[in-house]
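Following: one structure in structure tokens, then a few remarks.
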Amino acid sequence: YITVEAKRVDVKPTDKDDGVGQLKSYMSACSKCRHGVWVASEKMAFRRLEDGTIEDDVDIPRFGDDEPTVPQFAGLVPALDLKATLHPTFRMSGE
């Protein structure tokens with residue numbers, strides 16, 4: 001399980017009430033939670049170890065994986081026909 005804590009952009013990770021400590025307390029309270037992400041002006045990822053301690057992590061794992069992986073160049077796919085994909089965005093912005 002993954003816990004995500006999303007905050008306003010002006011909230012700092014060190015904030016006493018809304019910072020990373022809040023996410024870590026939620027992770028500790030949920031026995032099945034293995035990963036956590038705190039998002040505001042920056043993104044921070046954490047994982048809970050078997051002994052219950054919570055440590056920094058690089059990211060959260062992809063669906064079906066137990067550990068996060070670093071993307072490899074060989075796994076990149078070229079972007080094709082972005083105009084068609086983003087067409088609703090263009091329409092909403094008046095272009």
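Heads up, the sequence shown is in this note's numbering, so the first residue is 1 and it goes up one at a time.
Ideal Cβ placement from N, Cα and C applies to all residues, glycine included.
Residue i (DSSP reduced to helix, strand or coil)
i: V20; result: helix
i: F46; result: strand
i: G36; result: strand
Integer-rounded CB distance, given that residue j should sit under 8 Å from residue i
i: F46; j: D57; result: 6 Å
i: K24; j: I54; result: 5 Å
i: E42; j: P78; result: 30 Å between Cβ atoms; not a contact.
i: W38; j: E5; result: 5 Å
Buried or exposed (CB count within 10 angstroms, at least 16 for buried), residue i
i: R62; result: exposed
i: R8; result: exposed
i: A40; result: buried
i: T3; result: buried
Check: residue i C-beta below 6 Å from any heavy atom of the ligand FAD
i: P78; result: The ligand FAD is not part of the structure shown, which contains no ligands of any sort.
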